[in-house]
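**Student:** Per my numbering, the sequence shown starts with residue 5, numbered consecutively.
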Amino acid sequence: MNTVILRSKCAGFGSWTVKLIEETINGDTYFQPQINCRYENLPKTVNIRYEMGLGHDNSSYEKTCEGCSYWNTDKPLIAKSLKMLDLLNPESGHVKEDKLMLHVGIHVESIQYSDGIWKFNFYDKLFPEEERKNMITMERKKKNILFYSHMKLIKFHTENFTENFSDVEKHVHTKFDCLEKCLQIAHGVQLQLTDSELFGTIRIADIFGFKNVARYCERRLIQNLRWKTDVLNSSRIAISHNRDRLLTHLLKDLKFSDFSKVFKVEDVPNMSMECMKLCTKFVFDNVDRGILE
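1) Do you know how far the Cα of Ile82 is from the Cα of Leu197?
2) Quick one: grab the DSSP three-state call for Ser374.
3) For Ala218, which of Leu229, Gln194, Val287 has the nearest alpha-carbon?
4) Classify Gln227 as helix, strand or coil using the three-state DSSP reduction.
5) Can you give, in chain order, each stretch of the beta strand (DSSP E) that sits fully within the region 23-52 and has at least 3 residues?
6) Provide the residue span of the beta strand (DSSP E) that contains Ser73, from first to last.
7) Can you give me the start and stop residues for the alpha helix (DSSP H) that Phe180 sits inside?
8) Out of His253, Gln188, Gln36, Tyr220, which has the shortest C-alpha to C-alpha gap to Trp122?
9) Helix, strand or coil: how does DSSP classify Gly120 here?
10) Opposite Val112 in the DSSP bridges: which residues?
11) Just the C-alpha distance for Met139 and Lys215, rounded to the nearest angstrom, thanks.
12) Please classify Pro94: is it buried, with 16 or more other beta-carbons within 10 angstroms of its beta-carbon, or exposed?
13) What residues in its chain sit with their C-beta under 8 Å from that of Leu91, if we drop five residues either side in the sequence?
14) Would you mind sorting Phe286 into buried or exposed? The rule is 16 or more other CB atoms within 10 Å of its CB.
15) Considering only DSSP beta bridges, list what Ser153 is partnered with.
16) Mapping the DSSP letters down to three states, classify His245 as helix, strand or coil.
17) Ends of the alpha helix (DSSP H) at Lys265?
18) Just list the residues that DSSP pairs Ile211 with in beta bridges.
19) Could you tell me whether any Cβ in chain C is nearer than 9 Å to the Cβ of Asn228?
20) Below 8 Å on the Cβ atoms is my guess for His253 versus Leu229; work out the distance and round it to an integer in Å.
21) Spatial neighbours of Arg240 within its chain, please: C-beta separation below 7 Å, excluding the five flanking residues on both sides.
22) For Leu106, which three-state DSSP category applies?
23) Report, in whole angstroms, the separation of the C-beta atoms of Ala190 and Ile158, which I expect to be a contact under 8 Å.
24) To which residues of the same chain is Asn246 closer than 6 Å at the C-beta, ignoring the five residues directly before and after it?
25) How big is the Cα-Cα spacing for Cys283 and Glu222?
26) State the beta-bridge partners of Leu86 as determined by DSSP.
27) Would you report the Cα separation of Glu234 and Leu258, rounded to the nearest angstrom?
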């Protein structure tokens with residue numbers, strides 16, 4: 005017998021399936037719970053927390069197993085086998101009105117894809133239930149997108165989030181994929197991102213006050229300068245977001261004739277003192293060399 009018990013989505017990907025596989029051991033019949041996940045871009049490894057229990061309704065159940073596991077997703081996750089005679093024993097109270105219900109709780113803590121980098125799962129509420137008082141929720145109602153994270157860690161970086169944060173919508177250009185990247189970096193994940201993704205993440209970090217995240221992205225952009233870089237566009241973004249360390253490197257390759265394209269008078273009120281000094285020095289250095297075009 006191969007009985008499908010549950011199908012659901014978890015961690016923002018995949019169709020999760022819990023099955024009871026019948027097996028015979030020393031003449032006794034057992035049911036072995038197995039968890040599988042199907043997804044086109046399935047992670048290599050998942051750090052999962054789970055619990056299972058038996059009951060006859062949703063109001064109460066007895067835990068049969070719980071734990072944490074690093075699960076290689078190419079194989080099923082196998083839980084403790086359940087002996088059929090124990091399940092059907094009237095004294096156990098598991099069966100009532102000929103009904104037996106298997107309760108399953110799954111929470112994906114972190115995910116490792118083929119690049120080897122571990123990422124946190126922000127798509128599901130914290131588990132178990134009592135941990136949710138420490139949870140912060142980020143919501144975009146129109147797209148029905150929710151992120152969940154630990155409140156203390158987020159508030160270590162910024163005070164711009166409340167327990168139920170739905171103000172993300174007011175920032176019309178907020179990209180939720182960049183917000184997720186911002187959260188990953190805030191949790192210590194060293195993401196490998198393109199220049200475009202780094203600039204997008206800097207913008208989100210500036211909007212919501214993740215200063216450490218913005219500095220991380222800036223450092224990555226400086227490391228990427230050995231590759232082909234759009235100096236003009238990068239300088240414009242560096243000035244608008246006051247990335248003075250990045251701007252120091254970019255100005256070395258910026259033509260003076262292009263300076264007016266990246267520096268606007270309306271930028272001045274919002275510029276940091278360091279960026280202002282760099283731009284002033286750039287102008288005077290080029291004037292001293294007689295480069296006025």
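Glycine included, every Cβ here is placed at the ideal spot set by N, Cα and C. Since the structure is predicted, the reported quantities are computational estimates derived from the model, not experimental observations.
**Tutor:** Judging by the given coordinates:
1) So the two alpha carbons sit approximately 35 Å from each other.
2) Nothing can be reported for residue 374: it is not among the residues displayed for the chain, which extend from 5 to 297.
3) The alpha carbon of Ala218 has as its nearest neighbour, out of Leu229, Gln194, Val287, the alpha carbon of Gln194.
4) If DSSP states are grouped into helix, strand and coil, Gln227 belongs with the helices.
5) Those beta strand (DSSP E) runs which fall completely within the region 23-52 and span 3+ residues are 32-42.
6) Boundaries of the beta strand (DSSP E) harbouring Ser73: 66-76, taken from the DSSP string.
7) Residues 180-190.
8) Measuring from the Cα of Trp122, the nearest candidate turns out to be Gln188.
9) Looking at Gly120 - three-state DSSP - the assignment turns out to be coil, as it is neither helix nor strand.
10) Val112 is bridged by DSSP to Ile52.
11) In this model, Met139 and Lys215 are separated by some 21 Å (Cα to Cα).
12) Looking at its Cβ environment, which holds fewer than 16 other Cβ atoms inside 10 Å, Pro94 is exposed.
13) Here the set comprises Phe35, Leu58, His98, Val99, Leu104.
14) Buried.
15) Residue pairing by DSSP places Ser153 opposite Ile140 in a beta bridge.
16) Of the three classes helix, strand and coil, the one that applies to His245 here is coil, per DSSP.
17) Element bounds for Lys265: 263-266.
18) None; Ile211 has no bridge partner.
19) This model lacks chain C altogether, as it is built from one protein chain only.
20) About 6 Å separates the beta carbon of His253 from that of Leu229, a gap short enough to meet the 8 Å contact definition.
21) Counting only Cβ-Cβ distances below 7 Å, and skipping sequence neighbours, we find Val266.
22) Three-state DSSP puts Leu106 in a strand.
23) Going by Cβ atoms, the distance from Ala190 to Ile158 rounds to 7 Å, so yes, they are a contact pair.
24) Here the set comprises Ser276, Cys279.
25) Cα-Cα distance, rounded: 18 Å.
26) Beta-bridge pairing by DSSP links Leu86 to Phe35.
27) Reading off the sequence, residue 234 comes out as Asp, not Glu. Cα-Cα distance, rounded: 10 Å.
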